[in-house]
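Below: the structure, in structure tokens.
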Amino acid sequence: MKESGRSFENYFEILSPRDRRLLFDELSGLDEETQEFYRRIYRERYQDKKDPERRVDNWLWKAVYLPGLYKRRKLLGKAIANEVAETLKDLHLEDPEELSETEKFILYNEFRNAAKRYLSTCKGVNYGNKLFGLKKATEDDKKKKACEDIWMASRGFALAAGEEERLSLWCEAFYDELMVYYSAGKKYYDELENNHKK
Amino acid sequence: MKNLKGNSLIKSNAIWIVFILEVIIFAIASGGTFVTGSNIVNIARQVSYYGIASIGMTFVILIAGIDLSIGSIITLVNVVCAFLMVNAGMNMWVAVLAALIMATLIGVINGAMVASIGIPALIATFATQTIFEGVAYLISGGRPIAGFDQNFGLFGRWSIGPIPICAIIMILCFVLGSFILNKTYFGRYFYAIGGNEEAAELSGIRVNRVKYLIYALSGLFAGLAGIVLLSRSGSAQSTVGKGLEFDVITCVVLGGVSVNGGVGRMSGVIAGVLIIGSLTNGMILMDVSEYTQMVVKGIVLAIAVGIDCLSKKRQAV
């Protein structure tokens, strides 16, 4: 999913919400509808519904929360169903066929940005530590855990929910970003996919 | 296909299968004594206090932490509650409430050391374990405190029909713990923090606040366990909670809560509690010495942690 000729591509590379907001000034070259879609997605992603003053990242939260839900999928049948409905709504994927090419482009890149932000946290000193945090994770351990997390937040969740089709844009974006971060992880990613089927 | 489904069913219920096997083995070895009504009631009483304490420990381990201080919280609650009732002449309910508030505050201290100062959980709670064990000795002077209100037997010795009240308290605590984990936002936060703390923080969770809450809950549940134990034993001892944290950790890890954080469920912990409770009771029935019991429990803990680490390793291959 690539679209050339956009002047706004840097926007999707930046992780800081504040820095991204500054780039809104450069939106003027785009048509009114597209500008509004960018702004709406930004608001929905970074604004706390209950407390608009608080800085949150609702889509990063999906990446954090969905792996935990995937692990407990057998226990939480109804919660999965509720979460699927909520996630599809939040990610504008209730009816992906209705999305315009521009909207798909923006969503795909915004999903990639969320995955990129998640992966940026996977290098931290505490990430992937074992035994009550006593055993430090190696770089390889961290990459494999990141691969697991990304798979569970995207394909794993989609498979558990039976929503592979509607969540395909989300899954594709997460996979593409993971391959940038950990290109050698494809084999492991495929293993996770096969293990789920078993 | 059928075979695969069967395998998956066995795998997801392995802990319960272990429990059933254990019951069968002890039933045969004890000539049926193990499964008599009175012994089952006895097991229910025995498991109740570390069952209650294991709920808080589950929350802590889910965020990849550990709370070594719960044994000394149980001891301190024992001593303080008894001291308030016997030496200070305080009303039973006020003393219980004061002891529970104190236990929660100790949890908050643990939370502050881990979340705000950044001391590793193992060290922070080891320090408070030593501190509060010492405080319990200072208060009691190393002597047992006994002679409190008859009604205090409510928490540990009384029953409703054949069911001990302490078992009912434990069941209610498990229901509450399960509700917190599965039905509330806080439960989601526990898993999220255990999975990736930094991402959880960036996504808007107030991680430090949640850690405070978790350690406070761990203290509260340990405090409640202390009250049940005091009521059951009828006298406060300054050594009563010594080593209890290891039984509780064994129950939780045996129940499938990962020592790496982010994975586990309350139903598994219930099975872990029942396994350790039955194991202890079975060994007592078979006249196994206390020292041998320690060896066996240590081996069970090592096996439980080993299986958790190996399964993670196998997944990563």
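From first to last, the protein sequence lines are chains A and B. So in the numbering used here, the last spot in the first sequence is 1532, and the numbers never skip. So in the numbering used here, the last spot in the second sequence is 378, and the numbers never skip. Even for Gly, the Cβ is constructed at its ideal location relative to N, Cα and C.
Relative to the Cα of residue 118(B), the nearest Cα in the group 251(B), 213(B), 92(B) belongs to 251(B).
Rounded to whole angstroms, the separation of the alpha carbons of residue 99(B) and residue 223(B) is 9 Å.
The beta carbon of residue 264(B) is closer than 8 Å to those of 253 in its chain, skipping five residues each way along the sequence. Taking the beta carbon of residue 320(B) as reference, the chain A residues within 8 Å of it are 1464, 1465, 1466, listed in sequence order. Separation of residue 208(B) and residue 342(B) (C-alpha to C-alpha, rounded to the nearest whole angstrom) is 28 Å. The beta-carbon of residue 1455(A) is placed less than 8 Å from the nearest beta-carbon of chain B. Listed by position along chain A, the residues whose Cβ is nearer than 8 Å to that of residue 256(B) are 1398, 1401, 1402, 1483. Residues of the region 119-133 of chain B whose Cβ lies closer than 8 Å to any Cβ of chain A, in chain order: 122, 125, 126, 127.
For residue 127(B), there is no enclosing alpha helix (DSSP H), as DSSP marks it with neither H nor E. If you look at residue 314(B), you'll find it in the alpha helix (DSSP H) that goes 305-315. Against chain A, a Cβ distance below 8 Å from residue 185(B) picks out nothing, because the smallest value is about 12 Å. About 5 Å separates the CB atoms of residue 197(B) and residue 140(B); that is less than 8 Å, so the two are in contact. Interface annotation, residue 365(B): not in contact with chain A, CB-CB separation never under 8 Å. In the displayed model, residue 211(B) falls within a helix according to three-state DSSP. DSSP, read as helix, strand or coil, puts residue 1381(A) in strand.
As DSSP reads the structure, residue 1412(A) sits in no beta bridge.
When DSSP states are grouped into helix, strand and coil, residue 297(B) belongs to the strand group.
Counting only Cβ-Cβ distances below 9 Å, residue 323(B) has contacts in chain A at 1401, 1402, 1405, in chain order.
Assignment of residue 1401(A) by DSSP, reduced to helix, strand and coil, places it in the helix class. Distance from the CA atom of residue 1503(A) to the CA atom of residue 1512(A), rounded to whole angstroms, is 14 Å.
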